[in-house]
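Beneath this line is the structure, given in structure tokens, with notes to follow.
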Amino acid sequence: MRTRTARQGSVAAALLLALCAPTAVAAPVGSAVESADASSAESAGAALVARRAALAAASRGGGAAGLDFRACPAVEDLPSRVRCATLRVPLDYARPDGPQISLTVSRAAATGAGGAARQGALVQNPGGPGASGMYFPLVAGLPGWERIAAAYDLVGYAPRGVGRSAPLSCTDPAARPKGPVQEPVHPSPAYKAERLAQARAYANGCARRAGAALPYYTTLNNARDLHVLRAALGEEGLTLMGASYGTYLGAVYATLYPGHVRRMVLDSAVDPDPRRVWYRNNLDQARGFEGRWHDFRAWVARHHGTYGLGTTPAAVQAGYERVRDAVARTPAGGSVGTGELRAAFLQAAYYDDVWPDRAAALAAFLRGDPSLLAAQAAPDPASAAEAENATAVYTAVLCNDAPWPADWATWDRDNTELARTAPFEAWANAFLNLPCASWPVRGRQSPVAVGSQAEQLPRTLVVAAERDGATPYQGALELQRRLGARSSLVTETGAGSHGVVGGRNGCVDRHVERYLLTGATPGWRVTCTPHPEPAPVSLDDGAAGARRALLPPVV
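And the structure:
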């Protein structure tokens, strides 16, 4: 599960991010950590800091917030109706009065429209790890969010390491390769050795630039930060909307702090099985992406009359391979090689919203016009620092969270086998996560045994698309099982866009709205029919037309 962000100009059009990164997870073994040892120094420190935050909230009048919300800094690029604050938390919860870091927080106060009673704060985490939720309050202005925005303060935040929240960096963005990147279809031993050396250098760069702070970027600390944020908002129980990695964070929070859970919507679930966090989850993710890559090609084939790319997925694949061979020889627009091409089409495995644009770019290239592909796939230099930061946080959290295979032979064996059936993303995913093989942090933790808490959780809502590639559906089944009998799973059947909540499927959104407003869940397992597939866009039509306003893409 990786994240790369590129800020979008128009907030109304798509709000923000264009994240082209998986949320992969996987690793060996695991057992309960903090829940099994309530007297641990970190647990005690988090409890102390949360109590202090709750007292500060009470001193400011309780219900509104203990945080000092003011006009947002210009760098956040948020409208005046959104207010910002900073939350101070310990770098190391074992030393609650030791070095502190500041997390940025944003909020749009409940509108109270229609006489709605305020229900508290709804906090969102969009995933990654490495993605910022600072833009979440903007959903208050989107169709379909009126009733939720009337009852809840909409709260976003940048987790530790992200954005201006004690930002983490592993390399100088200006020193990153400018591209085009050329990736071989079948990596040779020499290429693999080169990537292994690059991964070691990247891991060492994280240690060099972060210094002693590097071990403290973890899911456990993210959950502790969330515990303190809840208290600082004046809330006894957390109401959370977590997407992708945010589902794992929410599940860990619920395991550590079951008495402080109010309501949770967990959208596009990471498999929380400790045996899969994170190494094996990444292998599963590559298989999932292969399935969605097939779905995209099948859709293009059904619209052969528009795109002329063939009437079968195999024919579309052959066209893609011709384009790949061409940009390997001559990069499109001078900056799009095979690496940029794969990354652009990986977005089609995340979100079917981009299918018409990607198909049009492919068709135009094969007709002699590379400009559409160059426009869609070329890296944006303006987002280089943001992308580097997101990748650094992603890497640090996943590498710190769990043991990873340290021997290259294991990676090579597993991914060589995987690439036979899931070639589209197998090796790219492996190389992205390879710094974890030589991660320079001693004593990495074992993953939390989600669901091991003795206390029963309140009703929770899990939402999943049946063909999601980034977080395959089995993760939603496992998460629901671990959350217990009071959890409910809403499945969008036959669909695969990553991030179901927020505008694609009215059936799903009605279940989510009802749950957030009343606490009622629809039952153990219910289904919604898939949202409509996108309409094809003719090359003669130019732009793909107006897109519906959705929640910012999850990662």
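Numbering of the sequence shown is given in the numbering used here, commencing with residue 67 and proceeding in unit increments.
C-beta atoms are modelled at their ideal positions from N, C-alpha and C, and glycine is treated no differently.
All of these numbers come straight from a predicted model, not from anything done at the bench.
Exposure of residue i, with buried meaning 16 or more beta-carbon neighbours within 10 Å
i, result
"Asp163", "exposed"
"Ser254", "exposed"
"Ser231", "buried"
"Thr584", "exposed"
"Ala414", "buried"
"Trp590", "exposed"
"Gln190", "buried"
"Pro598", "exposed"
"Thr559", "exposed"
"Ser310", "buried"
Residue nearest to residue i in terms of C-alpha spacing, selected from the options
i, options, result
"Val393", "Thr377, Ala536, Arg328, Glu249", "Glu249"
"Pro596", "Leu582, Tyr581, Gly562", "Gly562"
"Leu332", "Asp134, Asp575, Arg342", "Asp575"
"Gly568", "Ala124, Phe202, Leu169, Val115", "Phe202"
"Pro281", "Arg580, Gly399, Val507", "Val507"
"Phe135", "Leu220, Gly178, Asn191, Gln190", "Leu220"
"Ala116", "Thr461, Arg290, Val189", "Arg290"
"Val459", "Ala443, Arg154, Val189, Ser198", "Ser198"
"Leu543", "Asp435, Ala174, Tyr319, Asp337", "Asp337"
"Tyr159", "Trp493, Thr377, Tyr283", "Tyr283"
"Ile214", "Val247, Met200, Thr177", "Thr177"
"Leu152", "Cys573, Pro538, Ala475, Ala224", "Note that residue 152 is Thr in the sequence shown here, rather than Leu. The shortest C-alpha separation from Thr152 is found at Ala224."
"Glu491", "Leu299, Asp143, Phe411, Ala475", "Phe411"
"Asn495", "Asn347, Ala175, Met200", "Asn347"
"Leu208", "Arg570, His577, Cys594", "Arg570"
"Met200", "Gln383, Gly210, Thr557, Leu144", "Leu144"
C-beta contact flag for residue i and residue j at 8 Å
i, j, result
"Val389", "Leu428", "yes"
"Ala352", "Ala530", "no"
"Cys150", "Pro139", "yes"
"Arg358", "Arg486", "no"
"His326", "Glu356", "no"
"Ala183", "Ala137", "no"
"Leu295", "Val318", "no"
"Leu432", "Gly385", "yes"
"Ala265", "Ala503", "yes"
"Ala536", "Gly354", "yes"
"Arg173", "Val155", "no"
"Ala122", "Ala267", "no"
"Ser401", "Ala440", "yes"
"Met307", "Leu188", "yes"
Residue i to residue j span [Cα, whole Å]
i, j, result
"Ala206", "Tyr345", "37 Å"
"Ala426", "Lys244", "26 Å"
"Gly509", "Gly193", "25 Å"
"Ser449", "Cys272", "20 Å"
"Arg341", "Asn466", "15 Å"
"Ala468", "Leu169", "24 Å"
"Leu315", "Arg274", "27 Å"
"Val603", "Arg424", "10 Å"
"Ala601", "Glu579", "27 Å"
"Ala278", "Asn270", "13 Å"
"His293", "Asp350", "30 Å"
"Tyr581", "Val528", "11 Å"
"Leu545", "Gly196", "22 Å"
"Arg525", "Gly222", "23 Å"
"Arg329", "Ser553", "11 Å"
"Ala514", "Arg226", "Note that residue 514 is Val in the sequence shown, not Ala. For Val514 and Arg226, the distance between alpha carbons rounds to 19 Å."
"Val141", "Pro239", "18 Å"
"Gln522", "Pro233", "36 Å"
"Ala87", "Pro588", "Confidence in Ala87 is poor, its pLDDT being 35 and thus under 50, which makes the residue's placement too unreliable to answer from."
"Val247", "Asp446", "14 Å"
"Glu452", "Gly229", "7 Å"
"Leu322", "Ala443", "41 Å"
"Trp505", "Ala320", "28 Å"
"Thr482", "Ala364", "26 Å"
"Ala241", "Trp477", "28 Å"
"Val516", "Arg368", "42 Å"
"Gln519", "Val420", "41 Å"
"Ala380", "Tyr373", "15 Å"
"Glu108", "Gly180", "44 Å"
"Tyr417", "Arg126", "42 Å"
"Ala104", "Asn499", "Reliability fails at Ala104, whose pLDDT of 37 lies under 50, so the model's placement of it is uncertain and no value is given."
"Cys594", "Val556", "7 Å"
"Arg261", "His564", "29 Å"
"Thr377", "Trp474", "41 Å"
is_contact[residue i, chain B] using C-beta, thresh 8 Å
i, result
"Thr461", "Among the chains in the structure shown there is no chain B, since it carries only a single protein chain."
My parser needs the alpha helix (DSSP H) runs of 4 or more residues fully inside the segment 440-479; what are they? 450-467
Quick one: complete alpha helix (DSSP H) runs, 4+ long, within the segment 190-225? 212-217
In the segment 554-613, which residue ranges form an unbroken beta strand (DSSP E) of at least 3 residues, counting only runs that do not cross its ends? 591-594
Note down, one range per segment and in chain order, each beta strand (DSSP E) of at least 3 residues found wholly within the segment 325-380. 327-333
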